[in-house]
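Undergrad: Under the numbering used here, think of the first position of the sequence shown as 7, with each following residue one higher. A virtual CB, placed ideally from N, CA and C, is assigned to each residue, including glycine.
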Amino acid sequence: MSDHELRVSKIRNGTVIDHVAAGQALNVLAILGIDGSEGEGVSIGMNVPSDRLGRKDVVKVEDRELSQSEVEVLSLIAPEASINIIRDYDVVEKSRVDRPDTVTGLLSCPNRNCITNDNEPIASKFGVVADGVRCAYCGDIVRDDIAAHLDVQS
Ligand SMILES: [Zn+2]
Numbered sequence: 007m008s009d010h011e012l013r014v015s016k017i018r019n020g021t022v023i024d025h026v027a028a029g030q031a032l033n034v035l036a037i038l039g040i041d042g043s044e045g046e047g048v049s050i051g052m053n054v055p056s057d058r059l060g061r062k063d064v065v066k067v068e069d070r071e072l073s074q075s076e077v078e079v080l081s082l083i084a085p086e087a088s089i090n091i092i093r094d095y096d097v098v099e100k101s102r103v104d105r106p107d108t109v110t111g112l113l114s115c116p117n118r119n120c121i122t123n124d125n126e127p128i129a130s131k132f133g134v135v136a137d138g139v140r141c142a143y144c145g146d147i148v149r150d151d152i153a154a155h156l157d158v159q160s
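1. Ala28 by DSSP, collapsed to three states: which one?
2. Give me the DSSP bridge partner(s) of Asp96.
3. Return the CA-CA distance between Arg118 and Ile128, expressed in angstroms with no decimal places.
4. With H, G and I counted as helix, E and B as strand and the rest as coil, what does DSSP make of Glu201?
5. According to DSSP, which residues form a beta bridge with Gly20?
6. Going by other Cβ atoms of all chains shown within 10 Å of its Cβ, with 16 needed for buried, is Gly20 buried or exposed?
7. Report the start-end ranges of each beta strand (DSSP E) in the segment 37–61 that is 3 residues or longer and not cut off at the edges.
8. At what residues does the alpha helix (DSSP H) containing Val77 begin and finish?
9. Any chance the CB of Ile121 is under 8 Å from a heavy atom of ligand 2?
10. For the beta strand (DSSP E) holding Arg140, just list the boundary residues, first then last.
11. Should Thr110 go down as buried or exposed, given a rule of 16 or more other Cβ atoms within 10 Å for buried?
12. Keeping to the same chain, check which residues put their C-beta closer than 6 Å to that of Tyr143; ignore five residues upstream and five downstream.
13. Do the segment 41–53 and the segment 78–91 touch if we need at least three Cβ pairs shorter than 8 Å?
14. Would you mind giving the Cβ-Cβ distance between Leu80 and Val64, rounded to the nearest angstrom? I have them listed as a contact below 8 Å.
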């Protein structure tokens, strides 16, 4: 077992989000709705040397496996991330995040006049573009602060 594998399989059960872009670990926690208030076991590595990325962040969350929609939003801020599901200290599933073409119902539009912020029952819809996401209704673009526009908090 390589040093790297040892490092990612230290938790007993949960999820290791590896290859997060350096500096994005706290945004990953925001996306997962984790602020420590519920006693979650979380460890974070920031600016860890990485062959692939130069530097990376690593987030380990105990006793939690991520939902598909959480992984979709994660992919927006950490397009190179890999998700390792850990059960009983073993990596039972390893996958790369997939950048979706669109994200529906997960983010709120920053434009107050956008129809999705009216009382109309319209789910938000964003197209994924190179540097962020673009509202399908009004064209507003969210770039760096995607975590701040999350509609769903678990
Ligand atoms: Zn909009």
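TA: The relevant details are as follows:
1. Three-state result, Ala28: coil.
2. Arg93, per the DSSP bridge assignment.
3. Answer to the nearest angstrom: the Cα atoms are 14 Å apart.
4. The structure shown does not extend to residue 201, since the chain spans only 7 to 160, so no value can be given for it.
5. The partner list for Gly20 (beta bridge, DSSP) reads Glu68, Ile92.
6. By the C-beta density criterion, Gly20 is buried, having at least 16 other C-beta atoms within 10 angstroms.
7. If we require 3 residues or more, the beta strand (DSSP E) runs fully inside the segment 37–61 come out as 48–56.
8. Boundaries of the alpha helix (DSSP H) harbouring Val77: 74–83, taken from the DSSP string.
9. Ligand 2 is absent from the structure shown, which contains only ligand 1.
10. Element bounds for Arg140: 138–141.
11. With fewer than 16 other CB atoms across the displayed protein chains lying within 10 angstroms of its CB, Thr110 is exposed.
12. Only Cys120, Ile121, Thr122 meet the Cβ criterion.
13. They do not touch, by the three-pair rule.
14. Distance from Leu80 to Val64 at the Cβ level is roughly 13 Å; contact not present, criterion being Cβ atoms closer than 8 Å.
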